[in-house]
Structures are given as C-alpha cells and as structure tokens.
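Engineer: Residue numbers (the numbering used here), protein chains in the order written: chain Z, 4 to 162; chain X, 4 to 162.
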DNA sequence: AGGGATCGTTCGTGAAGCACCAACTATTTA
DNA sequence: TAAATAGTTGGTGCTTCACGAACGATCCCT
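#1: Which word fits residue 82 (chain X), buried or exposed, when buried means at least 16 other C-beta atoms lie within 10 angstroms of its C-beta?
#2: Among Z:76, Z:103, Z:79, whose alpha-carbon lies nearest the alpha-carbon of residue 89 (chain Z)?
#3: Select from X:79, X:24, X:96, X:101 the residue whose C-alpha is nearest the C-alpha of residue 38 (chain X).
#4: Going by the DSSP bridge assignment, what does residue 89 (chain Z) pair with across the sheet?
#5: Run through DSSP, which three-state label would residue 55 (chain Z) get?
#6: Taking the runs of the beta strand (DSSP E) that are 3 residues or longer, which of them lie wholly in the region 9-50 of chain Z?
#7: Could you compute how far the alpha carbon of residue 76 (chain X) sits from the alpha carbon of residue 44 (chain X)?
#8: Give the secondary structure of residue 83 (chain X) by DSSP, where H, G and I count as helix, E and B as strand, and everything else as coil.
#9: Using a beta-carbon distance cut-off of less than 9 Å, what residues from the region 127-143 of chain Z approach chain X?
#10: For residue 123 (chain X), which of helix, strand or coil comes out of DSSP?
#11: Does the pairing of the region 51-68 of chain Z with the region 93-101 of chain Z give three or more beta-carbon distances under 8 Å?
#12: Flag this pair as touching only if the region 26-38 of chain Z and the region 25-33 of chain X have three or more C-beta atom pairs under 8 Å; answer yes or no.
#13: Alpha carbon to alpha carbon, how far is residue 114 (chain Z) from residue 16 (chain X)? Give it in angstroms, no decimals.
#14: Under a Cβ-count criterion, where at least 16 other Cβ atoms within 10 Å of its own Cβ denotes burial, should residue 21 (chain X) be classed as buried or exposed?
#15: Starting from the Cα of residue 84 (chain Z), find the closest Cα among Z:106, Z:69, Z:73 and give me that residue.
#16: Name, going along the chain, the residues of the region 39-52 of chain X whose beta-carbon falls closer than 9 Å to a beta-carbon of chain Z.
#17: Return the CA-CA distance between residue 143 (chain X) and residue 125 (chain Z), expressed in angstroms with no decimal places.
#18: Determine whether the beta carbon atoms of residue 117 (chain X) and residue 49 (chain X) lie at a separation below 9 Å.
#19: Can you name the start and end residues of the alpha helix (DSSP H) that residue 140 (chain X) belongs to?
#20: How about residue 141 (chain X) and residue 140 (chain Z): are their beta carbons less than 9 Å apart?
#21: For the region 18-32 of chain X, which residues have a beta carbon sitting closer than 7 Å to at least one beta carbon of chain Z?
#22: Can you look up residue 105 (chain X) in the DSSP assignment and give me helix, strand or coil?
#23: May I have the straight-line CA-CA distance separating residue 122 (chain Z) from residue 136 (chain X), to the nearest angstrom?
#24: If you measure from the beta carbon of residue 101 (chain Z) to each beta carbon in chain X, is any gap under 9 Å?
Here's what the structure looks like:
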C-alpha cells in the first residue's frame, strides 16, 4: 500500500525526525522527572488522549511496542492513577484503557512544563510554523486528524 | 534565549515527535542493516552533509551526544570510508570531519532505501505536506535553513 | 460441554544505547 | 613552563527493549 512514487527531489525526514526527537527527549527527561513521568509515558498518555478507550493490545500496535512491555508501562501509569483499566463489557478479556481526570491534568501539566524544552529545540520556528508542525505530526501519528478540543492547560502556576 | 511566550492554545509536539521517530526508527533498522548503517549513523551523516567541516566536539554539541561516544560513531563511519578526519591546519588538535564522496553516495542510497519506511510512517501526509514537514524539521534541526542542493539520489536501482 | 484461540499478565534473559569517569597524547595559549 | 583544549581509549553501570515461556480468564465454535 502507498506505493506513491515521490518526485525527483528526495527529502527524507527520518534522520531529522530522529535527531529532533532525541534532543527533545534529553530535555524532557529532566523536566518530566519531578512529575514522575518519563518520555515514554508522555507518548502513551498523548496517544490515549487522542484515541482513548482502546484495548491494550491495540495500544501495543499503535505504539509499536511489545505487549509485554506495555503492561509495565500501564502499571506505572495506573499506580499513579493517571489511567484506568476497565474490563470491557462486550469482551471481558479486554482491558479498556482510559485517561483519568488526573491523567489528563497531569498530561497538561507535563506539556506546560515542556514548553521551555520545546522552545529550545524548535527555537528556529515561529509559533505559526510550530502549529503547522504539530498538525502534520498529529495527522501522521494517528493516520486521521486529531480533533483539537483538549489540552487547554488549565493546570497550575508553571504555565 | 528564545523566551517567546506561546499563545493560549498549547500544542506540544514533543510526544508526537518521539512517537513518529520511534516508528521510523523501527522500520529503518531493518532497511538500513544491509547497508551496514544504523539510524544513529544516518543522523550523523545527515548533519555532516548539512553543516560539513565541523570539528567533532562541535558535532557532539549538535548531536547532543557525549564526545566519547562520538568517537566510536565516527570510527565506524571512517572504517567504512564514509567520512574523513583531517587535522585542521589552523588548530592541529582539531579533527575536521567531512563526508567523503562514498559517504554522500551511501547516504543517498540509504535515503532511497528509506522511502518505503517513510511512506508507511507518513502515509497520512501527501507529498506537499511531507515536503513542508521536511523543511520545518530541517530548519529546526540546524537553526538555519539547509540549502537543498544535495541528495539527488543518483545511486542505484532501488530508487 | 469441550477445545482452541485470544487478551492480559508475570517472569526472566540478553542485547544495545548511552552517560559518565579516568587517564593519556598532541597541541595551543597564557 | 604551566594550564587549557581536542581527541582517543577503556571501563562501568544503568536503562530500554525485544523476545520467549508459561499462566488464568474469557470468548467462540462445534
């Protein structure tokens, strides 16, 4: 699928993506530590916010992680009461994972805390460009557009 | 520097960046293996192509890696004759690192080989959007625009 | 009711990436 | 000459991660 041949000018984003993600992650770690979160957790929470109510096998597919490793990740998050696992009524084998209120709040806090990190890494881009970047990344990461009705960053003082 | 306060709508790209980079990296590894390269090598080569002729300490700063680990990375690349270390005439302590012809060629090959991976990961974006993404990432990663006079993918059959 | 498949879970193992420290050489600079 | 800098080497330990094996619970099909 998607055998669309690109034009002659080949601009591969892979390495750049990797590079920027690394730089972002390095800064994120120190900022996120006081919140008890790690970059991976952030990714998971973000995905959950975007497409909540997924079983954790589906989550494993989205995050492209081994399902056994998903368990540990979710254990962390559940211990902190940022997510909830509920058994699906339709299929009681299934654990439906959802963000709790605390989780959404913590995610917003984390995003606020990351503002300075992002300013550093994306310093060369103006706000409009960052918004464009966000939209592109968002579309790419979910395959479908993520409706932006969340994350108003109501949280605390740091913002 | 860059204490520009963002507007009210908070869209943090960090997690998405991480997510996409991971997906890309997973696919890249298998594709790159036959070329004897790893994603990290690709990143280094890409940075070198963009801002060649840097000392390796500067490289460490750009890549935000420990300089001791840079050495190993460059050793790999030099052993494959993809880069050259030359002593700077001005400061003979310094090793100026530059892409060799082989290196540029190999990089192009690698980028071609990554086309399918990128198609998968960025499948939701059309070519114009990918180009936009590339430009944004490129600007962000170097701080300044990268002149796009390279990587015409002259290489081989796979492209 | 029985049998096979599926979801989540736990445990363990091994490889890889990476930060960090310490020591050394060659070279520049004060 | 002494101190600082660029690169190199070697080692140590932490963390992440993929992968395998086994298990209970549950669904689905016959």
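By construction, the Cβ of each residue, glycine as well, lies at the ideal position given by its N, Cα and C atoms. Since this is a predicted model, take the numbers as computed values, not measurements.
Structural biologist: So, from the listed chains and residues:
#1: exposed
#2: Z:103
#3: X:79
#4: Z:99
#5: coil
#6: none
#7: 7 Å
#8: coil
#9: 127, 128, 129, 130, 132, 133, 134, 135, 136, 137, 138, 139, 140, 141, 142, 143
#10: helix
#11: yes
#12: no
#13: 9 Å
#14: buried
#15: Z:106
#16: 42, 43, 45, 46, 47, 48, 49, 50
#17: 5 Å
#18: no
#19: 130-145
#20: no
#21: 18, 19, 20, 21, 22, 23, 24, 25, 26, 27, 28, 29, 31
#22: helix
#23: 18 Å
#24: no
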